[in-house]
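Residue numbers (UniProt numbering): 1 to 540.
In structure tokens form, the structure reads like this:
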């Protein structure tokens with residue numbers, strides 16, 4: 001409110017208003033203060049601009065001084081080549097004088113100390129790869145000089161003729177896929193109960209055929225161990241897939257019977273729509289596509305890529321073939337000779353136990369590195385190349401077949417990360433249903449470990465036709481306490497220690513020892529290795 005308006009209000013809103021001398025002086029003082037503030041602000045801006053100009057002038061002077069130094073370092077020459085005197089004589093060049101070089105003017109830490117940030121060790125990484133190449137090249141040359149060329153090229157036609165029962169059994173296994181489709185499409189969906197006895201009998205018979213026919217084929221013929229292991233692996237994988245298929249269809253029938261909300265039950269709307277249309281949503285093409293997808297868990301809907309990248313398929317085929325070739329070279333040239341020479345000591349029955357232990361410890365260490373290479377090549381060839389080939393051909397969208405298991409700080413983390421298809425199956429169809437049925441966690445985990453141990457024993461002893469040995473089963477079950485130990489708080493606080501412990505056990509104890517044990521059992525069965533008599537071994 002102005003001074004005039006306030007004065008008129010005091011007079012009742014009528015009559016002339018006499019000017020207030022005091023109010024006018026107040027306005028003048030306010031205008032003077034505002035003007036002084038504006039002038040002060042302008043002075044500040046001018047001062048900042050002046051400082052900026054001085055700074056730019058200093059930079060230009062420094063550049064001119066540096067150019068003059070460069071002129072001093074490269075003397076000018078005339079047109080005829082004779083040296084002219086420098087045009088800059090008034091500049092003092094202090095370079096090279098001790099007082100001018102202040103080398104220690106800051107607080108700095110040693111480069112390799114833990115205080116250093118952003119430390120670049122790329123050179124050591126390059127050195128590591130060079131040393132790795134040199135060491136492996138030296139190991140290969142020593143092996144060639146000691147054993148010669150041990151690689152045996154396979155005869156494909158002869159191998160096909162010797163393993164034709166495996167191929168015939170593999171073709172017959174496709175009828176089990178057709179049987180599973182018929183059971184779910186035309187039998188299970190129309191029975192009055194959720195799980196009728198007739199359906200159970202048919203599903204059990206189909207599982208029995210998938211499992212027992214390959215087993216009988218391997219036992220009653222004389223195939224190579226590699227072909228036998230491949231057929232048994234297909235039978236186990238297809239058994240898991242059919243189990244997942246029947247389990248998901250059973251859950252769909254339960255949802256239809258109980259009137260569940262499909263959109264809340266299923267993870268996406270496409271899956272819910274397929275469940276709503278069950279059993280008409282099941283087709284033989286859908287089931288057969290699932291059989292060749294790189295997953296063990298059946299779903300009505302999968303993320304699918306729009307097209308097949310055939311160049312990627314060809315690349316993965318060639319790289320997987322290279323992995324197989326390298327595996328055969330390492331096995332024939334580095335593993336077989338060492339394992340064979342481990343049991344050729346003629347006086348093995350009479351040498352002291354300490355000497356025998358040192359002998360086998362040397363063989364285990366010599367087997368550890370080649371065995372690790374074979375394991376890594378198998379992992380890359382199977383889980384990276386083969387699974388990506390299947391994913392490309394079936395247009396399967398989820399390509400996460402493994403996680404960073406090499407960084408695992410515990411054995412439990414390793415088993416959760418290195419084989420995601422099997423881990424997802426055991427967790428979805430074994431572990432979680434048992435937990436839902438109120439079983440304790442230790443019971444569910446023990447059942448999963450037991451199934452894994454039995455299958456590993458089955459996959460090794462049956463192709464070798466050694467019968468039940470129990471060594472693989474015991475070695476696998478021994479990882480249960482290792483899993484508990486590496487889950488302790490010490491290893492959780494120190495993941496690097498846990499990772500080193502994992503790699504040490506992984507490389508130098510389990511698999512090389514298993515190779516020696518099963519080479520000995522194989523040799524005793526075929527008469528190439530003399531059976532040890534523990535009673536004759538000298539303690540001292």
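C-beta atoms are modelled at their ideal positions from N, C-alpha and C, and glycine is treated no differently.
Note that this is a predicted model, so its numbers are computed, not measured.
- Counting other Cβ atoms within 10 Å of its Cβ, residue 455 reaches 16 or more and is therefore classed as buried.
- The Cβ atoms of residue 393 and residue 291 do not sit closer than 8 Å to each other.
- In this structure residue 339 is buried. Its beta-carbon is surrounded by 16 or more other beta-carbon atoms within 10 angstroms.
- Across the structure, residue 529 and residue 464 are spaced so that their CA atoms are roughly 16 Å apart.
- Annotated as distal: residue 288 and residue 252, with beta-carbon spacing of 8 Å or more.
- Residue 491 sits in a helix when the DSSP states are folded into three classes.
- Residue 414 is classed as buried because its beta carbon has at least 16 other beta carbons within 10 Å across all chains shown.
- The three-state reading of DSSP puts residue 186 in helix, counting H, G and I together.
- In the three-state DSSP reduction, residue 433 falls in the helix class (H, G or I).
- In the DSSP assignment, residue 396 is bridged to 304.
- Taken through DSSP and simplified to helix, strand or coil, residue 223 comes out as coil.
- Under the DSSP assignment, residue 165 falls in the alpha helix (DSSP H) whose first and last residues are 164-172.
- Around the beta-carbon of residue 57, fewer than 16 other beta-carbon atoms lie within 10 Å, marking it exposed.
- The beta carbons of residue 229 and residue 166 sit no closer together than 8 Å.
- In this model, residue 384 and residue 372 are separated by some 17 Å (Cα to Cα).
- When the five nearest sequence neighbours on each side are left out, no beta carbon in the same chain lies closer than 8 Å to the beta carbon of residue 97.
- A residue is called buried when at least 16 other Cβ atoms come within 10 angstroms of its Cβ; residue 163 meets this threshold and is buried.
- In this structure, the beta-carbon distance from residue 378 to residue 327 falls below 8 Å.
- Here residue 98 carries a coil assignment [DSSP, helix/strand/coil].
- Rounded to whole angstroms, the Cβ separation of residue 147 and residue 337 is 5 Å, and the two are in contact under 8 Å.
- Relative to residue 460, the option among 423, 515, 128 and 362 whose CA is nearest is 515.
- Selection 517, 489, 428 and 205 evaluated against residue 471 yields 517 as nearest (Cα-Cα).
- The beta carbons of residue 451 and residue 430 sit closer together than 8 Å.
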